[in-house]
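Colleague: One structure, as structure tokens, below. Some questions next.
Numbering (the numbering used here), first residue to last: 48 to 166.
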């Protein structure tokens with residue numbers, strides 16, 4: 048019930064990640080700060096910022112197409128600190144569409160670097 052796309056540049060807001068916008072919209076729709084049961088689907092493995100929102104919103108499952116190869120994505124964060132949290136979503140890496148997701152991300156970052164409008 049929530050959708051989002053990366054709007055960091057257009058909103059001039061460093062927290063306007065697609066996952067955060069989708070979580071905000073879903074919480075508003077359900078009139079709750081919790082999202083159990085729910086599935087969040089993301090092109091890229093959620094980052095540190097999005098992981099915090101996922102944990103606080105109690106998202107039940109996170110499905111992602113492309114893993115984070117550098118930095119700390121949700122998998123690494125939960126592997127390292129998972130026992131510290133009172134919630135742990137099911138994580139599903141959907142490898143069958145990974146190449147298409149990678150192409151979407153490459154295209155997005157090419158537009159970002161060229162300062163072209165977001166799609």
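Positions of the beta carbon are idealized from the N, C-alpha and C atoms, including for glycine.
(1) Does the Cβ-Cβ distance between residue 100 and residue 137 come in under 8 angstroms?
(2) Is it buried or exposed for residue 90, if we count other Cβ within 10 angstroms and need 16 for buried?
(3) Can you say whether residue 69 is buried or exposed, counting buried as having 16 or more other CB atoms within 10 angstroms of its CB?
(4) With a threshold of 8 angstroms, are at least 3 pairs of Cβ atoms found where one atom belongs to the stretch 134-153 and the other to the stretch 106-125?
(5) Mind pulling the alpha helix (DSSP H) runs of 4 or more residues that sit fully within the stretch 61-99?
(6) Write down the C-beta distance between residue 129 and residue 94 rounded to the nearest angstrom, noting that I regard them as a contact closer than 8 angstroms.
(7) How close, in whole Å, do the beta carbons of residue 8 and residue 72 come, if the pair is a contact with beta carbons under 8 angstroms?
Modeller: This is what the structure gives:
(1) no
(2) buried
(3) In the assembly as shown, residue 69 is a buried residue. Its beta-carbon has 16 or more other beta-carbons within 10 Å.
(4) yes
(5) 65-77
(6) Not quite, the Cβ-Cβ distance comes to about 16 angstroms (not below 8 angstroms), so this is no contact.
(7) This structure cannot speak to residue 8, because the chain is shown only from 48 to 166.
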